[in-house]
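Protein sequence lines, in the order shown, are assigned to chains B and L.
One point on numbering: in our numbering, the residue at position 48 of the first sequence is 48, and numbering is uninterrupted.
Our numbering runs 115 ahead of the 1-based position in the second sequence.
Notes follow once the structure below has been shown.
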Amino acid sequence: EAGVTQFPSHSVIEKGQTVTLRCDPISGHDNLYWYRRVMGKEIKFLLHFVKESKQDESGMPNNRFLAERTGGTYSTLKVQPAELEDSGVYFCASSLPGLGSFEQFFGPGTRLTVL
Amino acid sequence: AQSVTQLGSHVSVSEGALVLLRCNYSSSVPPYLFWYVQYPNQGLQLLLKYTTGATLVKGINGFEAEFKKSETSFHLTKPSAHMSDAAEYFCAVSGHNTDKLIFGTGTRLQVFP
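As structure tokens, then:
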């Protein structure tokens with residue numbers, strides 16, 4: 001069974017440009033999460049989808065970030081326009097349906113560098 | 116608000132030595148507790164978790180952790196380190212009404228021959 005996949009693995013863009021990150025969760029996993037790790041700091045929660053609905057987006061830093069999950073399958077996270085402080089590793093995770101699924105399966109992450 | 120503290124951003128041990136990675140949490144109620152490991156160029160992998168029941172939890176690769184409510188701790192141990200244990204380890208908590216994880220800053224474990 002395929003794990004969580006993320007694309008691209010690395011992205012280098014200039015300040016002011018737009019970048020779109022993609023996450024494909026494990027098939028059948030209704031829960032999808034986005035997290036971010038800025039260098040040297042903790043991994044921070046961004047948002048949580050249940051199928052196509054945003055369950056919790058309390059961690060989204062500002063309105064330059066837009067997450068979507070059309071059809072409840074893959075998800076995209078768009079940053080527009082990107083700023084220097086957006087650099088970091090963006091992780092996606094998925095888990096089985098229902099609260100208390102407990103195990104989130106993580107993708108390898110997308111390393112974003114904003115110059 | 117919940118928070119997680121991992122003491123020591125880097126820990127070095129010799130092969131065969133005891134591994135002890137510390138984690139303390141702050142929460143108004145006992146949370147669910149997790150340890151994740153990240154090997155180079157891979158995603159985070161769940162090592163073990165505590166939700167309810169027995170406070171000593173055994174995980175994969177010989178690791179275990181004990182939930183101590185009185186000390187608000189969930190330290191990770193392994194009796195004998197192996198070279199393949201070199202990785203970054205993350206302690207995390209979640210609440211009873213949400214699955215979102217709150218992570219510590221991570222501890223990078225080095226194992227020397």
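Ideal placement from N, C-alpha and C gives every residue a C-beta, glycine not left out.
| Check | Outcome |
| --- | --- |
| Please list, in chain order, the residues of the stretch 148-159 of chain L that have any C-beta partner in chain B closer than 7 Å. | Asn156, Gln157, Gly158, Leu159 |
| Output needed in chain order: residues of the stretch 205-217 of chain L with a Cβ under 9 Å from some Cβ in chain B. | Phe205, Ala207, Ser209, His211, Asn212, Thr213, Asp214, Lys215, Leu216, Ile217 |
| What are the residues of the stretch 157-176 of chain L that lie near chain B, defined by any Cβ-Cβ distance shorter than 8 Å? | Gln157, Gly158, Leu159, Gln160, Leu161, Lys164, Thr166 |
| For the stretch 95-114 of chain B, list every residue whose C-beta sits within 8 Å of some C-beta in chain L, in sequence order. | Ser95, Leu99, Gly100, Ser101, Phe102, Glu103, Gln104, Phe105, Phe106, Gly107, Pro108, Gly109 |
| List the residues of chain B whose Cβ lies closer than 7 Å to the Cβ of L:Thr220, in chain order. | Lys41, Glu42 |
| Over what stretch of residues does the beta strand (DSSP E) that includes B:Lys44 continue unbroken? | 43-50 |
| Got a sec: is the Cβ-Cβ distance from B:Phe49 to anything in chain A below 7 Å? | Note that chain A does not occur in the displayed structure, where the protein chains are B and L. |
| Note down, in chain order, each residue of its chain lying with its Cβ closer than 6 Å to the Cβ of L:Ser195, except the 5 sequence neighbours on either side. | Gly131 |
| Using the DSSP secondary-structure output, state which residues sit across from B:Glu68 in a beta bridge. | B:Thr76 |
| Distance, Cα to Cα, B:Phe7 vs B:Phe91? | 11 Å |
| Can you list, in chain order, the residues of its chain with a C-beta nearer than 6 Å to that of B:Leu115? Leave out the 5 residues immediately preceding and following it. | Glu14 |
| Using Cβ-Cβ distances below 9 Å, what residues of the stretch 66-93 of chain B are close to chain L? | Phe91, Cys92, Ala93 |
| The ligand NAP and B:Gly98: does the residue's C-beta get closer than 6 Å to at least one heavy atom of that ligand? | Inclusion of the ligand NAP in the displayed structure is not the case, the ligand content being empty and no account of it being possible. |
| Between the beta-carbon of B:Asp30 and the beta-carbon of B:Val50, is there less than 7 Å? | yes |
| According to DSSP, what are the bridge partners of L:Val128? | L:Val226 |
| Which class does L:Lys184 belong to by DSSP, given the choice of helix, strand or coil? | helix |
| To the nearest angstrom, report how far apart L:Gly123 and L:Ala207 are at their CA atoms. | 15 Å |
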